[in-house]
Every structure is written in structure tokens, then in C-alpha cells.
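Novice: Before I ask anything, let me first share the structure, which is written out below as C-alpha cells.
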Amino acid sequence: MTKILVIEDEPPLREEILDILESEGFDVMGAEDGVQGLDLAQTTPPDLILCDIMLPNADGYAVLSSLRQNPDTALIPFIFLTAKAARESVRQGMDLGADDYLTKPFRTDELLNAITSRLTKQVAIVQIHQKVAQLQHSNLLKDEFLETASQELRRPATNIIMALKLLRQASNPEQTQRYIDSLQQECSREINLIDDLLDLYYLGANERPLQPEKLNLQTWIPAIIEPFKTQSRKRQQTLWSNIPPYLPMPIIDAADFKRILSELLNNACKYTAPGGKIVLEARCDLTTSEATNPDGKTIMFIVSNEAEIPNEFIPNLFQPFYRAPEIDRWQQGGNGLGLTLVEKLAQRLSGKVQISSKAGWTQFTLQLPIETNLPVALAPTILNEINS
Ligand code: CA
7 MTKILVIEDE PPLREEILDI LESEGFDVMG AEDGVQGLDL AQTTPPDLIL
57 CDIMLPNADG YAVLSSLRQN PDTALIPFIF LTAKAARESV RQGMDLGADD
107 YLTKPFRTDE LLNAITSRLT KQVAIVQIHQ KVAQLQHSNL LKDEFLETAS
157 QELRRPATNI IMALKLLRQA SNPEQTQRYI DSLQQECSRE INLIDDLLDL
207 YYLGANERPL QPEKLNLQTW IPAIIEPFKT QSRKRQQTLW SNIPPYLPMP
257 IIDAADFKRI LSELLNNACK YTAPGGKIVL EARCDLTTSE ATNPDGKTIM
307 FIVSNEAEIP NEFIPNLFQP FYRAPEIDRW QQGGNGLGLT LVEKLAQRLS
357 GKVQISSKAG WTQFTLQLPI ETNLPVALAP TILNEINS
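Going by the working numbering, the first residue of the sequence shown is number 7, and it counts up by one from there.
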């Protein structure tokens with residue numbers, strides 16, 4: 007309920023205002039002097055204050071000045087009640103930051119109009135303040151991001167300088183080759199990081215409009231998987247896929263979709279032990295009703311790999327530059343932006359990505375909305391090993 011504080015030292019007038027406001031459904035508080043009014047305003051901040059100027063103990067100006075200095079009460083709408091002739095006092099009150107004034111005697115409708123008008127404006131003011139607070143927060147996050155990004159960009163550059171120095175001092179062809187390899191690796195790392203940073207920037211700026219197209223998953227997914235066959239074979243991992251033949255053809259932005267699956271598969275290859283398994287499955291659940299799944303019909307792509315991530319690291323995995331301390335056991339050196347991109351891309355496709363890790367497996371599930379009238383397969387769970 008909207009709470010109004012009335013500070014007025016003439017008891018009949020104070021009681022009359024309180025009665026009117028109460029009958030209009032406001033929650034009311036009355037104070038008979040400035041000190042009492044200020045005290046009430048600070049202990050139980052009201053939504054609006056009506057305050058006489060000439061008051062015993064502390065006058066209306068003193069009350070207003072004190073309220074405006076305290077961040078908790080600074081924004082409370084404040085209406086002065088003033089005697090008819092006192093033009094100078096009105097000006098002084100408005101200069102101090104009063105929102106409006108009412109000249110005594112005033113009619114009930116004047117009183118109520120002034121209150122309604124102030125309360126309406128207050129809603130807009132509060133919204134603006136919230137918006138400013140949000141912008142300040144996001145600005146702070148941007149500053150932090152910029153600082154971390156600069157440090158991350160410095161890392162490969164420092165290694166490049168070191169490798170160049172060693173290369174100059176190399177005394178045999180093996181050493182020379184080793185430093186050249188190292189140079190190449192650090193240059194790739196730097197370029198990869200710059201590319202990911204630019205992608206994040208373009209995503210944030212919404213530079214590229216979505217271009218949804220109907221995708222035949224039977225041909226599309228194998229094409230995405232192709233480069234990972236070699237990558238996984240190099241580390242003696244096995245890569246499996248299960249794309250049921252009767253899945254619907256979802257209408258998705260192909261570039262974003264490819265990027266998500268590639269990032270997830272790349273992570274899976276990097277963080278699975280040699281000899282471990284990686285599985286990509288697509289699923290579409292026919293049995294899900296609107297009641298149990300308020301998101302509507304969705305298609306799911308699940309990338310599972312044989313590696314477990316301790317639960318305490320999971321909430322941070324989508325944070326930029328976050329690398330869980332234990333998952334890069336094989337020194338694959340991710341830049342910590344892959345999953346940030348995956349999450350943002352999934353949101354751009356109106357979907358979501360979730361992660362779970364238990365019993366030796368980690369599972370990323372990408373869930374995307376699909377049109378409900380499309381035919382959907384009852385998925386057989388047959389896995390095809392594709393890189394052997
Ligand atoms: Ca008075």
C-alpha cells in the first residue's frame with residue numbers, strides 16, 4: 007500500500023488531510039513537528055511526503071534538506087504545504103528540491119491530483135535510476151573484461167618474445183625447430199584469442215542478423231563432425247554419433263549452430279583422456295507435453311565426453327576466461343572464451359545450453375526450440391562409431 011507522511015503542526019488540518027488520504031486507500035502517518043517528521047521519514051520511509059513550511063523545532067526547509075542528503079530518503083517525492091501569500095517561501099522550497107507545492111487552503115481534488123501526479127512521475131524516476139544502476143554495473147563488468155582480456159593477450163605475446171630470444175641463441179637445428187614450433191603455436195593462440203574476442207564483440211553488438219534455414223541434420227551434422235574425426239584419432243579417442251533418421255529438419259541459423267557444436271566437440275576432444283569416448287547425440291522428445299515442458303517442443307544436441315569436472319567449477323564454466331583448474335590435465339590450453347561464446351550463441355538462437363558432470367562423464371546439452379507441427383522421430387538409441 008502507498009504510504010504517505012503528513013508533517014503539519016495544526017492538528018485540525020493534519021487530521022483532515024490524514025482522513026482524506028486514508029479514505030482514498032493510502033497508508034498514512036502524521037507528524038506534528040519537523041523533528042518528529044524527519045524521524046518518521048527515516049525510520050519508516052514513506053512513498054510521498056506532504057510537509058508544512060512553518061513548523062516548530064525544525065521547519066520544512068530543514069526537513070527537506072536532511073532528507074535529500076540521505077541516499078535512502080533522497081528520492082522520496084516531497085510536496086510543500088504553504089500559506090497563500092508566501093511566494094518567496096515557495097521559491098526557496100523548490101530551490102531546495104521540493105517536487106511540488108500546495109497553497110493552503112486547498113481543495114480535496116487539488117490535494118489528490120498533486121499526489122497522483124507525483125507518484126506517477128516517481129515510477130518513471132525509479133525506473134530511470136534502476137536503468138542507470140544496470141548500466142553502471144555493466145560498465146564495471148566491461149572494465150573488468152577489458153583488463154582480463156589485455157592480460158590474456160599479453161600471455162602469448164610474452165611467450166613469442168621469449169621464443170624469439172631463444173631462437174637467436176639456438177645452437178643446433180633441433181633447437182631451432184623447437185623454437186619455431188613454439189612460435190607458431192603461440193601465434194595461433196594469439197590469433198585464436200583475438201578472433202574469439204571479436205566474435206564476442208560482434209555477438210554483443212548484434213552485428214550479424216540471424217539467417218535461419220532448414221537444416222537436414224543427416225548431412226549437416228556429419229559435415230560438422232568431420233574435422234573432429236582426425237582431432238580425436240590423434241589422441242586415440244573414439245568419437246560416436248547418434249542422429250536418428252526421422253528427426254525434424256529444424257530451422258536454425260547454420261553458422262551459429264555450427265559454431266556451438268564445433269566448440270563443444272573441440273572442448274570434448276581437448277579435455278578427454280587419450281583412449282576416452284566422445285558422443286554426439288540428437289534427440290527430440292515426442293512424449294513431452296506442454297505441461298511438463300513449458301518451453302514447447304525442442305530439439306536437443308548432447309555432447310558427452312569421458313571426463314568429469316568437479317561440481318564446484320561448473321557454475322563458472324560459462325564465465326569469460328574461466329578455466330577450471332583441473333580439467334586441462336593434458337595442457338590443451340583453451341582460452342576460456344569457447345563456452346562463453348557457446349552460451350551467448352545458444353541464447354541468440356532462443357535456446358539454452360546446460361552442463362552436467364557425474365560418474366566419469368561430462369555432458370553439454372544444447373536445447374533449441376523447433377516448430378511444433380513438424381514430424382518428430384522416436385529416437386532409436388543406436389550409436390555409430392565414426393572415426394574407426
Ligand atoms: Ca505551520
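Here a beta-carbon is modelled for each residue, glycine too, at the ideal position from N, C-alpha and C.
Under DSSP, the alpha helix (DSSP H) around PHE263 begins and ends at which residues?
Specialist: Per DSSP, the unbroken alpha helix (DSSP H) holding PHE263 starts and ends at 260 to 277.
Novice: Less than 8 Å between the CB atoms is what I'm expecting for PRO52 and LEU11, so what's the real figure, rounded?
Specialist: 4 Å
Novice: To the nearest whole angstrom, what separates the beta carbons of LEU347 and GLU269, a pair I think is in contact under 8 Å?
Specialist: 6 Å
Novice: Excluding the 5 residues flanking ILE227 on each side, which residues of the same chain have their C-beta closer than 6 Å to its C-beta?
Specialist: ILE249
Novice: Sorry if obvious, but does the Cβ on GLU30 come closer than 7 Å to a heavy atom of ligand 1?
Specialist: no
Novice: Name the residue from GLN217, ASN212, PRO280 and ARG184 whose alpha carbon lies nearest to the alpha carbon of LEU245.
Specialist: PRO280
Novice: What separation, rounded to the nearest whole angstrom, lies between the Cα atoms of ILE376 and LYS364?
Specialist: 29 Å
Novice: Do you know offhand how far PRO18's Cα is from LYS110's?
Specialist: The straight-line gap separating the alpha-carbon atoms of PRO18 and LYS110 is approximately 13 Å.
Novice: Would you grab the beta carbon distance between LYS303 and GLN243 for me? Rounded to a whole angstrom, and I think it's under 8 Å.
Specialist: Contact flag wrong, Cβ pair sits at about 33 Å.
Novice: DSSP on SER363, reduced to helix/strand/coil?
Specialist: strand
Novice: Can you have a look at PRO381 and say buried or exposed, based on whether 16 or more other CB atoms are within 10 angstroms of its CB?
Specialist: Any reading at PRO381 needs caution, since the residue's pLDDT is 44, under 50, leaving its predicted position unreliable; the model's value is listed next. The residue in question, PRO381, is exposed, as its Cβ has fewer than 16 Cβ neighbours within 10 Å.
Novice: Quick one: Cα of CYS193 to Cα of LEU199, how far?
Specialist: 10 Å
Novice: Measuring alpha carbon to alpha carbon, tell me which residue in LYS148, THR164, LEU125 and VAL132 is nearest MET7.
Specialist: LEU125
Novice: State the beta-bridge partners of ALA288 as determined by DSSP.
Specialist: PHE307
Novice: Over what stretch of residues does the beta strand (DSSP E) that includes TYR107 continue unbroken?
Specialist: 106 to 110
Novice: Go ahead and pull the three-state DSSP assignment for ASN119.
Specialist: Reduced to three states, the DSSP call for ASN119 is helix.
Novice: Count the other C-beta atoms from every protein chain shown that fall within 10 angstroms of the C-beta of ASP25, then say buried if there are 16 or more, exposed otherwise.
Specialist: exposed
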